[in-house]
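Going by numbering that gives the first Met the number 0, the first residue of the sequence shown is number 0, and it counts up by one from there. Beta carbons: idealized from backbone N, C-alpha and C, even for Gly. Keep in mind the model is a prediction, meaning the values are calculated, not measured. To keep things clear, I will list the structure first and then write my remarks on it.
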Amino acid sequence: MKLAVIGAGKWGSALFHAFKQNCECVISSRTKRDLPNFVDLKTALECEYLVFTIPTQSISEWLSQNFIFKNQKILVASKGIETKSGKFLNEIYENFVPSENLCFLSGPTFAKEVEKKLPCALVVSSTNLELAKIYADFFPDYMKAYVSDDVVGAEICGAYKNVIAIAGGVCDGLGLGNNARASLISRGLVEMARFGKFFGAKDETFMGLSGAGDLFLTASSVLSRNYRVGNGLARNESLDKILNELGEVAEGVATAFAICKISKENGIYTPIANEVAKMLDGKDVYESVKALLGRR
(Lines of atoms letter the chains of each structure in order from A and count residues from 1; the text may use other names and numbers.)
(Lines give C-alpha, C1' and ligand atoms only; values in the text may rest on other atoms or scores of the structure.)
Protein backbone atom coordinates (compact mmCIF):
# COMPACT_ATOMS: atom_id res chain seq x y z
CA MET A 1 0.00 0.00 0.00
CA LYS A 2 1.17 3.53 -0.75
CA LEU A 3 1.77 5.84 2.21
CA ALA A 4 2.53 9.58 2.27
CA VAL A 5 4.23 11.52 5.07
CA ILE A 6 3.13 15.16 5.21
CA GLY A 7 5.82 17.30 6.84
CA ALA A 8 9.53 16.86 6.18
CA GLY A 9 11.06 18.11 9.41
CA LYS A 10 13.28 15.84 11.48
CA TRP A 11 10.39 13.73 12.79
CA GLY A 12 8.63 13.49 9.44
CA SER A 13 11.87 12.55 7.69
CA ALA A 14 12.66 9.90 10.33
CA LEU A 15 9.21 8.34 9.93
CA PHE A 16 9.52 8.43 6.14
CA HIS A 17 12.79 6.48 6.28
CA ALA A 18 11.18 3.99 8.67
CA PHE A 19 8.01 3.43 6.66
CA LYS A 20 9.81 2.97 3.35
CA GLN A 21 11.40 -0.19 4.78
CA ASN A 22 8.05 -1.99 4.51
CA CYS A 23 5.94 -0.14 1.94
CA GLU A 24 5.95 2.31 -0.92
CA CYS A 25 6.27 5.70 0.75
CA VAL A 26 6.46 9.31 -0.44
CA ILE A 27 7.02 12.53 1.49
CA SER A 28 5.93 16.14 1.01
CA SER A 29 6.22 19.52 2.75
CA ARG A 30 5.72 23.25 2.12
CA THR A 31 9.26 23.64 0.81
CA LYS A 32 11.09 21.32 -1.55
CA ARG A 33 13.46 18.95 0.23
CA ASP A 34 16.34 16.91 -1.14
CA LEU A 35 14.80 13.58 -0.21
CA PRO A 36 14.12 10.48 -2.30
CA ASN A 37 10.45 10.08 -3.28
CA PHE A 38 9.70 13.73 -2.51
CA VAL A 39 6.44 14.76 -4.21
CA ASP A 40 4.23 17.83 -4.36
CA LEU A 41 1.45 18.17 -1.79
CA LYS A 42 -1.38 17.44 -4.24
CA THR A 43 0.21 14.11 -5.20
CA ALA A 44 0.83 13.17 -1.58
CA LEU A 45 -2.76 13.88 -0.53
CA GLU A 46 -4.03 11.49 -3.20
CA CYS A 47 -2.63 8.56 -1.19
CA GLU A 48 -5.12 6.57 0.88
CA TYR A 49 -2.85 6.36 3.92
CA LEU A 50 -1.33 9.57 5.27
CA VAL A 51 0.97 10.46 8.18
CA PHE A 52 0.84 14.05 9.44
CA THR A 53 3.76 15.65 11.33
CA ILE A 54 2.58 19.26 10.97
CA PRO A 55 3.04 21.34 14.18
CA THR A 56 -0.05 21.54 16.37
CA GLN A 57 -0.38 25.31 16.48
CA SER A 58 -0.66 25.60 12.68
CA ILE A 59 -2.68 22.48 11.84
CA SER A 60 -6.17 24.06 11.91
CA GLU A 61 -5.20 26.69 9.35
CA TRP A 62 -3.27 24.15 7.26
CA LEU A 63 -6.21 21.74 7.06
CA SER A 64 -8.61 24.56 6.17
CA GLN A 65 -6.38 25.73 3.34
CA ASN A 66 -5.01 22.47 1.95
CA PHE A 67 -7.07 19.41 2.84
CA ILE A 68 -10.09 17.91 1.09
CA PHE A 69 -11.42 14.68 2.56
CA LYS A 70 -11.50 11.80 0.07
CA ASN A 71 -11.78 8.95 2.56
CA GLN A 72 -8.07 9.12 3.39
CA LYS A 73 -6.83 7.44 6.55
CA ILE A 74 -4.59 9.59 8.73
CA LEU A 75 -1.99 8.82 11.38
CA VAL A 76 -1.33 11.98 13.41
CA ALA A 77 2.29 11.98 14.56
CA SER A 78 2.31 15.49 16.06
CA LYS A 79 1.72 16.24 19.75
CA GLY A 80 0.30 19.16 21.67
CA ILE A 81 -2.80 21.21 22.49
CA GLU A 82 -3.93 24.18 20.42
CA THR A 83 -3.41 27.27 22.57
CA LYS A 84 -6.01 29.60 21.08
CA SER A 85 -8.87 27.09 21.34
CA GLY A 86 -7.69 24.66 24.03
CA LYS A 87 -8.56 21.80 21.67
CA PHE A 88 -6.77 18.44 21.57
CA LEU A 89 -5.52 17.26 18.18
CA ASN A 90 -8.29 14.69 17.80
CA GLU A 91 -10.88 17.47 18.22
CA ILE A 92 -9.18 19.55 15.53
CA TYR A 93 -8.83 16.72 13.02
CA GLU A 94 -12.39 15.51 13.58
CA ASN A 95 -13.61 18.79 12.06
CA PHE A 96 -12.17 17.54 8.77
CA VAL A 97 -12.00 13.73 9.04
CA PRO A 98 -14.33 11.12 10.65
CA SER A 99 -12.91 9.66 13.88
CA GLU A 100 -12.89 6.15 12.39
CA ASN A 101 -10.34 7.37 9.79
CA LEU A 102 -7.95 8.76 12.42
CA CYS A 103 -5.08 7.27 14.41
CA PHE A 104 -2.63 8.95 16.81
CA LEU A 105 1.00 8.07 17.41
CA SER A 106 2.62 8.22 20.85
CA GLY A 107 5.48 6.70 22.82
CA PRO A 108 9.19 7.28 23.54
CA THR A 109 10.76 8.00 20.15
CA PHE A 110 13.50 10.51 19.31
CA ALA A 111 13.78 11.22 15.58
CA LYS A 112 17.58 10.96 15.65
CA GLU A 113 17.50 7.40 17.01
CA VAL A 114 14.67 6.31 14.71
CA GLU A 115 16.78 7.45 11.73
CA LYS A 116 19.64 5.30 13.02
CA LYS A 117 17.26 2.30 13.12
CA LEU A 118 17.72 1.86 16.85
CA PRO A 119 14.97 -0.23 18.50
CA CYS A 120 11.97 1.40 20.15
CA ALA A 121 8.33 0.76 21.01
CA LEU A 122 5.35 3.01 20.40
CA VAL A 123 1.55 3.09 20.43
CA VAL A 124 -1.02 3.67 17.68
CA SER A 125 -4.29 4.82 19.25
CA SER A 126 -7.67 5.00 17.54
CA THR A 127 -11.38 4.41 18.03
CA ASN A 128 -10.96 2.13 14.99
CA LEU A 129 -8.63 -0.65 16.18
CA GLU A 130 -8.60 -2.32 12.76
CA LEU A 131 -7.14 0.83 11.24
CA ALA A 132 -4.69 1.11 14.15
CA LYS A 133 -3.47 -2.41 13.37
CA ILE A 134 -2.97 -1.51 9.70
CA TYR A 135 -0.78 1.45 10.65
CA ALA A 136 1.05 -0.66 13.24
CA ASP A 137 1.98 -3.11 10.47
CA PHE A 138 3.55 -0.29 8.44
CA PHE A 139 6.36 0.06 10.98
CA PRO A 140 9.67 -1.81 10.40
CA ASP A 141 10.90 -4.61 12.67
CA TYR A 142 13.01 -2.32 14.87
CA MET A 143 9.89 -0.31 15.85
CA LYS A 144 7.50 -2.39 17.97
CA ALA A 145 3.99 -0.93 17.57
CA TYR A 146 1.15 -1.59 20.01
CA VAL A 147 -2.47 -0.50 19.52
CA SER A 148 -4.86 1.20 21.94
CA ASP A 149 -8.35 2.68 21.91
CA ASP A 150 -7.54 5.42 24.46
CA VAL A 151 -7.20 8.35 22.06
CA VAL A 152 -7.70 11.03 24.73
CA GLY A 153 -5.10 9.44 27.01
CA ALA A 154 -2.52 9.23 24.23
CA GLU A 155 -3.22 12.85 23.26
CA ILE A 156 -2.78 14.16 26.79
CA CYS A 157 0.36 12.11 27.42
CA GLY A 158 1.96 13.31 24.20
CA ALA A 159 1.17 16.94 24.96
CA TYR A 160 1.78 17.08 28.70
CA LYS A 161 5.14 15.28 28.76
CA ASN A 162 6.63 18.13 26.71
CA VAL A 163 5.71 20.59 29.46
CA ILE A 164 7.27 18.42 32.16
CA ALA A 165 10.34 18.08 29.90
CA ILE A 166 10.82 21.86 30.04
CA ALA A 167 10.80 21.59 33.84
CA GLY A 168 13.28 18.70 33.59
CA GLY A 169 15.61 20.87 31.54
CA VAL A 170 15.39 23.64 34.14
CA CYS A 171 16.10 21.14 36.92
CA ASP A 172 19.26 19.81 35.25
CA GLY A 173 20.30 23.26 34.02
CA LEU A 174 20.30 24.48 37.62
CA GLY A 175 22.30 21.44 38.72
CA LEU A 176 19.68 20.33 41.23
CA GLY A 177 20.73 16.67 40.97
CA ASN A 178 19.32 13.26 40.15
CA ASN A 179 17.06 13.14 43.22
CA ALA A 180 15.34 16.35 42.18
CA ARG A 181 14.87 15.23 38.58
CA ALA A 182 13.40 11.86 39.66
CA SER A 183 11.06 13.64 42.04
CA LEU A 184 9.99 16.09 39.36
CA ILE A 185 9.32 13.41 36.75
CA SER A 186 7.34 11.18 39.12
CA ARG A 187 5.21 14.10 40.32
CA GLY A 188 4.83 15.18 36.71
CA LEU A 189 3.43 11.75 35.89
CA VAL A 190 0.89 12.09 38.72
CA GLU A 191 -0.05 15.57 37.51
CA MET A 192 -0.63 14.62 33.89
CA ALA A 193 -2.61 11.54 34.93
CA ARG A 194 -4.81 13.77 37.11
CA PHE A 195 -5.35 16.08 34.14
CA GLY A 196 -6.11 13.14 31.85
CA LYS A 197 -8.54 11.51 34.26
CA PHE A 198 -10.68 14.66 34.15
CA PHE A 199 -11.16 14.04 30.42
CA GLY A 200 -11.85 10.32 30.77
CA ALA A 201 -8.40 8.92 29.92
CA LYS A 202 -7.49 5.45 31.18
CA ASP A 203 -5.05 5.07 34.09
CA GLU A 204 -3.06 2.36 32.30
CA THR A 205 -2.24 4.73 29.44
CA PHE A 206 -0.24 6.94 31.79
CA MET A 207 1.71 3.98 33.13
CA GLY A 208 2.61 2.70 29.66
CA LEU A 209 4.67 3.78 26.66
CA SER A 210 2.55 6.83 25.88
CA GLY A 211 2.78 8.16 29.42
CA ALA A 212 5.65 7.07 31.66
CA GLY A 213 7.78 5.85 28.74
CA ASP A 214 7.67 9.07 26.75
CA LEU A 215 7.86 11.25 29.87
CA PHE A 216 10.99 9.57 31.25
CA LEU A 217 12.70 9.90 27.88
CA THR A 218 11.72 13.47 27.04
CA ALA A 219 12.28 14.98 30.48
CA SER A 220 15.86 13.74 30.87
CA SER A 221 17.70 14.03 27.55
CA VAL A 222 19.34 16.82 25.55
CA LEU A 223 17.89 15.17 22.44
CA SER A 224 14.54 16.60 23.57
CA ARG A 225 13.79 20.07 22.18
CA ASN A 226 11.60 20.90 25.18
CA TYR A 227 14.29 19.79 27.63
CA ARG A 228 16.71 22.14 25.84
CA VAL A 229 14.21 24.99 26.26
CA GLY A 230 14.32 24.37 30.02
CA ASN A 231 18.12 24.32 29.96
CA GLY A 232 18.07 27.73 28.31
CA LEU A 233 15.67 29.14 30.89
CA ALA A 234 18.00 27.89 33.63
CA ARG A 235 20.77 29.97 32.01
CA ASN A 236 18.50 33.06 32.17
CA GLU A 237 18.25 33.21 28.37
CA SER A 238 15.20 34.84 26.84
CA LEU A 239 12.59 32.55 25.30
CA ASP A 240 13.02 34.22 21.90
CA LYS A 241 16.77 33.53 21.95
CA ILE A 242 16.22 29.91 23.01
CA LEU A 243 13.69 29.22 20.25
CA ASN A 244 15.77 30.97 17.59
CA GLU A 245 18.80 28.87 18.45
CA LEU A 246 16.69 25.73 18.61
CA GLY A 247 15.50 26.23 15.03
CA GLU A 248 12.64 23.77 15.56
CA VAL A 249 9.19 23.80 17.13
CA ALA A 250 9.14 23.01 20.86
CA GLU A 251 5.48 22.09 21.34
CA GLY A 252 5.73 22.23 25.13
CA VAL A 253 5.94 26.04 25.06
CA ALA A 254 2.47 26.64 23.62
CA THR A 255 1.08 23.56 25.36
CA ALA A 256 2.06 24.88 28.80
CA PHE A 257 -0.15 27.93 28.31
CA ALA A 258 -2.97 25.78 26.91
CA ILE A 259 -2.88 23.45 29.92
CA CYS A 260 -2.93 26.40 32.34
CA LYS A 261 -5.97 27.83 30.59
CA ILE A 262 -7.81 24.50 30.58
CA SER A 263 -6.92 23.65 34.19
CA LYS A 264 -8.03 27.06 35.40
CA GLU A 265 -11.36 26.80 33.59
CA ASN A 266 -12.00 23.31 34.99
CA GLY A 267 -10.43 23.53 38.44
CA ILE A 268 -7.71 20.92 37.76
CA TYR A 269 -4.63 21.04 40.01
CA THR A 270 -1.56 21.41 37.74
CA PRO A 271 1.23 23.09 39.77
CA ILE A 272 4.20 22.03 37.59
CA ALA A 273 2.56 23.13 34.34
CA ASN A 274 1.56 26.41 35.98
CA GLU A 275 5.14 27.15 37.04
CA VAL A 276 6.49 26.19 33.62
CA ALA A 277 4.12 28.69 32.00
CA LYS A 278 5.24 31.38 34.47
CA MET A 279 8.92 30.68 33.72
CA LEU A 280 8.21 30.89 29.99
CA ASP A 281 6.51 34.21 30.73
CA GLY A 282 9.63 35.53 32.48
CA LYS A 283 9.42 34.39 36.10
CA ASP A 284 12.78 33.73 37.77
CA VAL A 285 13.51 29.97 37.65
CA TYR A 286 14.71 29.88 41.25
CA GLU A 287 11.44 31.45 42.39
CA SER A 288 9.51 28.74 40.54
CA VAL A 289 11.58 26.01 42.21
CA LYS A 290 10.88 27.60 45.62
CA ALA A 291 7.17 27.79 44.80
CA LEU A 292 7.05 24.07 43.93
CA LEU A 293 9.04 23.02 47.00
CA GLY A 294 6.95 25.24 49.25
CA ARG A 295 3.62 23.71 48.25
CA ARG A 296 1.63 21.92 50.91
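Contact set for residue i: own chain, Cβ-Cβ below 8 Å, skip 5 residues either direction
i	result
residue 240	231
residue 180	167, 170, 171, 218, 219
residue 235	284
residue 252	165, 225, 228, 238, 242, 279
residue 120	106, 107, 142, 143, 144, 145, 208, 212
residue 122	104, 105, 106, 144, 145, 146, 147, 153, 207, 208, 209
C-beta atoms of residue i and residue j nearer than 7 Å
i	j	result
residue 105	residue 153	yes
residue 107	residue 216	yes
residue 211	residue 188	yes
residue 22	residue 137	yes
residue 249	residue 113	no
residue 91	residue 63	no
residue 274	residue 290	yes
residue 55	residue 79	yes
residue 37	residue 66	no
residue 198	residue 267	no
Cβ distance (whole Å) where residue i is taken to contact residue j below 8 Å
i	j	result
residue 26	residue 13	11 Å between Cβ atoms; not a contact.
residue 88	residue 103	7 Å
residue 214	residue 155	Not confirmed; about 11 Å, so no contact.
residue 190	residue 272	7 Å
Residues near residue i in its chain [Cβ-Cβ closer than 6 Å; skip 5 each side]
i	result
residue 3	25, 43, 46, 49
residue 196	none
residue 262	269
residue 10	52, 110
residue 159	191
Nearest residue (CA-CA) to residue i, options the options
i	options	result
residue 129	259, 205, 72, 160	72
residue 279	191, 257, 18, 65	257
residue 93	199, 116, 122, 150	150
residue 61	16, 264, 36, 28	28
residue 127	116, 19, 74, 175	74
residue 174	233, 66, 95, 34	233
residue 221	182, 264, 161	161
residue 76	5, 260, 223	5
Neighbourhood of residue i by C-beta, 7 Å cutoff - its chain only, sequence neighbours within 5 removed
i	result
residue 57	none
residue 132	146
residue 116	141
residue 30	none
residue 201	149, 152
* Are the region 194-212 and the region 88-99 touching by the rule of at least three beta carbon pairs closer than 8 Å? -> The region 194-212 vs the region 88-99: no contact.
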